[in-house]
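The structure under discussion appears below in the form of C-alpha cells.
There are 2 protein chains.
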Amino acid sequence: MNRILVLEQIKRALNPPRVIRALEEGFVAYSEGRVNVPPVGQLNFEDPPGDCHIKYGCVPGDEYFVVKVATGFYRNPDLGLPSSNGLVLVFSQKTGQPEAILLDEGWLTDARTAAAGAIAAKYLARKKPVQIGIVGTGTQARMQLEWLPHVIDCRDVMVWGRSKTRAEQYRKDMTAAGFVVRVAADIAQLCAECDLVVSATAARRPIIPEALIRPGMHITAVGADGGGKRELEAGVFKRADICVVDSLSQCSAYGDASWALREGAISEVRLIELGRVIGNPELGRRHDGQITVADLTGVAVQDIQIARLVLENL
Amino acid sequence: MNRILVLEQIKRALNPPRVIRALEEGFVAYSEGRVNVPPVGQLNFEDPPGDCHIKYGCVPGDEYFVVKVATGFYRNPDLGLPSSNGLVLVFSQKTGQPEAILLDEGWLTDARTAAAGAIAAKYLARKKPVQIGIVGTGTQARMQLEWLPHVIDCRDVMVWGRSKTRAEQYRKDMTAAGFVVRVAADIAQLCAECDLVVSATAARRPIIPEALIRPGMHITAVGADGGGKRELEAGVFKRADICVVDSLSQCSAYGDASWALREGAISEVRLIELGRVIGNPELGRRHDGQITVADLTGVAVQDIQIARLVLENL
C-alpha cells in the first residue's frame, strides 16, 4: 500500500542544507539534459480566479518519478483558506506503483522555491551583503528570508509590501525569527539600501524598475511562475551583468525574463541556466560591483529532488 | 482534510448505468467544446518499459476539477504485480483545495474505458449482435465484456489471445460471470463469426486486418492509448462506413485512427467524435449492413465524470 504522509511528517524528514545540496545537484542534472521534465501542465480558472500547475518528471534510472500538483487561488484568504495548496505523488520508476502521497498542502513547493532562492543568492549575491531586501509579505516572502541564513551570514533586513499592516506583521514575525527587520518607506528606499533583493509577490506589473538598480545588487524574482505575472522591469535584465534563469524553456515562455525578451531588452543568449552556474561557479558573480539577476519559475526537478529526500529520510 | 478513498469504497459508490449516463453527458460536453481538457501529460520509461499518463481537466463552473495519473508497466505480471495502476485527485474549482484522493489502483481508468466501449457499442453495433468477439485476455478485455450487458442482450462470446492458456482462463472466468464463451482458433475465425468485436490489447502491430472485415461488423479498439501502439490495419477505417473517435485531437496524434490518417487510408473529415454521435444518434449506425469502427484513446472528461460520480454517491 501507499505511504500517505502529512505535513508534520514531511517537515520532520527534511533538513535545509541537504535540500539545498539535492536541489543544486538537480539543477545541474537538469541543465545537462539528464532530467526528463515534460512541459508544465496547467489549468486556469476565472471565477474565482485560480490556477493549477502540474509539474512532473524523473531522472531516468532513479528509483522514483514524481508528479506534483499545486494550486493557487488568490481570493482564498477571504475565506480563511491559504491561497496555495497541493500535493506530491511519488511513483516507482520500476513498476509504476504509487509509492507515497505527500499531503504537503503546498509546503514542499514553498520550501523548494525558497531553497532555489538561497542557491541563487549563494552563487550570485555578494559574499557579504550589507542588507537583505524582501519585496512582498506573504508566505514565500517569509520562506525566502528563512532559507537565506543557510548560505549567507547577513541578518539585516528591509521589507516592503503594498499593505503597511502586513509589512508590519512581517517585521514582527521575522524579528521573532532572529532577523533585524525594518519596513521600507517605498521600493526606492529598499533598493537604495539593500544589495540582496528578493521579490516574492503575485504582481502582474513590474514592481522593481530599472532606475533603482545599482552596481553590486543581486535581485532574485520568484513570483512570476505563470503567464501574465511579472515583478521586474525589462530594463533590470539589460542593466544586469549576469542574467540567470532556472529553465531556459520555461523562462522564455513566461517569467520575468520572457517579458525582457519580448520587449527586446535582452536577447536569449544573455540568459544562463542556474544549473550551469552551479556546475561552473565562475559563470556566477566574480566581483562586488557586478549586477546580477535570477528569474526562478520553478522546475519539476526541484519537486523530484525534494520529494526523493522526504522518502529517503523517512 | 482530504477524503482518501480505497478501491472497495470507490467500487461501492458507482453503478454502471449511472456511469454510462454520466460518460455520455461528458462526451457530448467535450465534443461541444464545453470541457477544458489540456493535452495529456506523458512520461515514458525504457528499462523496464512503462509509461505514465496524466489526464486532467474540468467542466468550467462545476464543483470539482480532476487530475488522473495512470501508469502501465507491462512486465509487472512477472513480479506478481498488476501492469496498470494509478490514482485520481479531485480538487475544488472554487478554492483549489484537494477534496479527495481516490486510491483506485487504476480501476477507475479500466471502468471508464469499459463504459466508453459499451457506449460505442450502444450507438454503433447492430441492435442484436449475433456474437461478441473479444480480442485480448487481460483486465480490460474482461471489463469490456462485463460492461456490454448494460447496453445489449447478447451473451454469446468468442475470445482470442496470443496465449492459449490465458484465453482458456478467460473462457472459464467469463463463463462463471454468466457468458457463453468459446476460444477462437484464430483471429480469422473470430472475425468470421462475430459482429461486435472489441480489441483490448497492448499490441504495437495490427491484429485485425482489413481482409477480415465483413458487412455488419462493429469494431471497438481501446488498446492504442499512446504513441507506437496499434490494433487495427489502416484499411479497417477505409472499409468502415462510420469512423468514430473519442477525441479528434488525440486520435490524430496517436491511436489506431492516427495510423490510418498517416498511411493515407482515410482523411480527417471521415472521423466523427463519439460525443457528436451521442448527441445526434442518426450519425451512428442506421442499418445492419453497415461497417462501423470506434477508436477510443481515453479522454480526461471520462475521468472527470467518473470521479465526480464517486464523490456525489458517497
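Keeping their order, the protein sequence lines are chains S and E.
Using this note's numbering, read the first sequence as starting at 430 and increasing by one per residue.
Using this note's numbering, read the second sequence as starting at 430 and increasing by one per residue.
We put the beta carbon where it would ideally sit given N, CA and C, even for glycine.
Does at least one heavy atom of the ligand COA sit under 7 Å from the Cβ of residue i?
i       : result
E597(S) : This structure simply doesn't include the ligand COA, nor any ligand for that matter.
In chain E, which residues lie with their C-beta within 7 Å of the C-beta of residue i?
i       : result
V498(S) : V496 and L518
P467(S) : G470, Q471 and L472
N742(S) : In chain order: nothing, as chain E lies at least about 23 Å away.
Counting only Cβ pairs nearer than 9 Å, list the residues of chain S close to residue i.
i       : result
Y485(E) : G470, L472, C481, I483 and V498
P527(E) : V498, T500, N514, G515, L516, L532 and E534
N444(E) : Near N444(E) there are no residues of chain S at all, since even the closest Cβ is about 26 Å away, more than 9 Å.
Can you pull the chain S neighbours of residue i, defined as C-beta to C-beta under 7 Å?
i       : result
I433(E) : I433
P477(E) : K523
Listing by chain order, which chain E residues have their CB less than 9 Å from the CB of residue i?
i       : result
L508(S) : K523 and T524
Can you tell me where the beta strand (DSSP E) holding residue i begins and where it ends?
i       : result
G509(S) : Where G509(S) is concerned, there is no enclosing beta strand (DSSP E), given that its DSSP letter is neither H nor E.
L532(E) : P527 to L532
N473(S) : G470 to E475
I433(E) : R432 to V435
V609(E) : V609 to V612
Taking just the CA atoms, how far does residue j sit from residue i?
i       : j       : result
Y493(S) : G525(S) : 9 Å
P468(E) : K484(E) : 8 Å
R595(E) : L738(S) : 42 Å
I433(E) : G470(S) : 24 Å
V519(E) : I720(E) : 39 Å
G713(S) : P558(S) : 15 Å
E454(S) : V495(S) : 16 Å
G718(S) : K658(E) : 58 Å
K601(S) : P578(S) : 18 Å
L641(S) : C672(S) : 17 Å
L537(E) : K497(S) : 21 Å
V435(S) : A736(S) : 13 Å
P635(E) : L740(E) : 39 Å
V457(S) : G656(S) : 26 Å
Q679(S) : G486(E) : 22 Å
A729(E) : G708(S) : 40 Å
V706(S) : I439(S) : 29 Å
E437(S) : D539(S) : 15 Å
N742(S) : V448(S) : 11 Å
Rank the options by C-alpha distance to the C-alpha of residue i and give the top, closest one.
i       : options                               : result
S696(E) : G704(E), E702(E), A686(E) and R705(E) : A686(E)
D480(S) : N473(E), P478(E) and N465(E)          : N465(E)
R591(S) : A451(S), V610(S), S628(S) and A606(S) : S628(S)
L703(S) : H482(S), A554(S) and S676(S)          : S676(S)
E528(S) : T500(E), D507(E) and N709(E)          : T500(E)
Y683(E) : A442(E), V435(E), V651(E) and E639(E) : V651(E)
P489(S) : Q569(E), P478(E) and T630(E)          : P478(E)
I605(E) : R571(E), D615(E) and V580(E)          : Residue 605(E) is actually Ala in this sequence, not Ile. When only C-alpha atoms are compared, the closest one is R571(E).
A442(E) : L510(E), D533(E) and D491(E)          : D533(E)
K667(S) : P638(S), K497(S) and C487(S)          : P638(S)
P511(S) : T568(S), T538(S), C680(S) and A549(S) : T568(S)
V517(E) : G509(E), D507(E), I530(E) and N505(E) : I530(E)
G622(E) : W688(E), I561(E) and R447(E)          : The sequence given here places Glu at residue 622(E); Gly does not occur at that position. When each option's Cα is compared against that of E622(E), the closest is I561(E).
K523(S) : Q598(E), A554(E), D476(E) and E741(E) : D476(E)
Since residue i is in the alpha helix (DSSP H), which residue starts that stretch and which ends it?
i       : result
Y485(E) : Y485(E) -> not in any alpha helix (DSSP H); beta strand (DSSP E) instead, spanning P478 to G486.
F502(S) : Not the alpha helix (DSSP H): F502(S) falls in the beta strand (DSSP E), residues Y493 to F502.
I707(S) : L703 to G708
G567(S) : From DSSP, G567(S) is part of no alpha helix (DSSP H); its letter is neither H nor E.
R600(S) : K593 to A605
Going by beta-carbon coordinates alone, are residue i and residue j separated by less than 8 Å?
i       : j       : result
S513(S) : G535(S) : yes
G727(E) : D654(E) : yes
V580(S) : K556(S) : no
T649(S) : G546(S) : yes
E692(S) : A669(S) : no
V586(S) : V564(S) : no
R450(E) : D732(E) : no
W576(S) : P446(S) : no
V674(E) : M646(E) : no
A613(S) : W589(S) : yes
Given that residue i touches chain E, what residues does it touch there, using C-beta distances under 8 Å?
i       : result
N709(S) : The contacting residues do not exist; N709(S) stays about 29 Å from chain E at best.
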